[in-house]
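Q:
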Amino acid sequence: MVKTTPWDIADHMKTPQNMADYLELSFEGDDPAHVAAMLGHIARAKEMPEVAQSLRGNDPSLGAFLLVVRALGLQLRVVPAQEAKEGHKTGGA
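When we follow my numbering, the leftmost residue of the sequence shown carries the number -17, and every step to the right adds one.
1) Exposed or buried, Gly22, counting other C-beta atoms within 10 Å across all chains shown (16 or more means buried)?
2) Check whether the Cβ of Ala34 lies closer than 8 Å to any Cβ atom in chain D.
3) Using the C-alpha atoms, what's the distance from Thr(-13) back to Leu58?
4) Report the option in Ala46, Leu44, Ser8, Val50 whose CA atom is closest to the CA atom of Ala25.
5) Answer yes or no: do Ala53 and Leu37 have a C-beta to C-beta separation smaller than 8 Å?
6) If distances are taken between C-alpha atoms only, which option among Met(-5), Ala63, Pro14, Met(-17) comes closest to Leu48?
7) Is the separation between the beta-carbon of Met(-17) and that of Ala27 shorter than 8 Å?
8) Hey, Met1 and Leu56: beta-carbon distance below 8 Å or not?
9) Within this structure, are the beta carbons of Tyr4 and Met20 separated by less than 8 Å?
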């Protein structure tokens, strides 16, 4: 029998840059619940369980989303879609 151990993404987000990169990936899809789940993972990584719990299974409003992003010490930025694609190809943002 193979022995496995639990794996949690929150245990692997050590830096603000890790968290920002992870959240940025959530915007590549069209599912607000997925974005909320990824914000919850970041909140757990920052040991903010009450924030993580409030995001579980929810589709937060834009206002709530922005409050959580700020509370996590992150900020959003918008770049033209082509620039964003080029940034991912070269590893820059």
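Here a beta-carbon is modelled for each residue, glycine too, at the ideal position from N, C-alpha and C.
A: A quick look at the data gives this:
1) Here residue 22 corresponds to residue number 40 of the sequence shown, with the count starting at 1. By the 10 Å Cβ count, Gly22 comes out buried.
2) Protein chain content of the structure displayed is limited to a single chain, and chain D is not contained in it.
3) Looking up residue 58 in the sequence shown gives position 76. Looking up residue -13 in the sequence shown gives position 5. The straight-line gap from Cα to Cα measures roughly 34 Å.
4) Start at 1 with the first residue of the sequence shown, and residue 25 comes out as number 43. Nearest of Ala46, Leu44, Ser8, Val50 to Ala25, Cα basis: Val50.
5) Within the sequence shown, residue 53 is the residue found at index 71, counting from 1. Within the sequence shown, residue 37 is the residue found at index 55, counting from 1. Contact: no.
6) Within the sequence shown, the letter at position 66 stands for residue 48. Ranking Met(-5), Ala63, Pro14, Met(-17) by Cα distance to Leu48 puts Pro14 first.
7) Counting from one through the sequence shown, the residue named residue -17 turns up at place 1. Counting from one through the sequence shown, the residue named residue 27 turns up at place 45. For Met(-17) and Ala27, no; Cβs fall outside 8 Å.
8) Position 19 of the sequence shown, counted from the first residue, corresponds to residue 1. Position 74 of the sequence shown, counted from the first residue, corresponds to residue 56. Yes, Cβ-Cβ distance for Met1 and Leu56 is below 8 Å.
9) Translated into the one-based positions of the sequence shown, residue 4 becomes position 22. Translated into the one-based positions of the sequence shown, residue 20 becomes position 38. Against a cut-off of 8 Å, the Cβ pair of Met20 and Tyr4 comes out as a contact.
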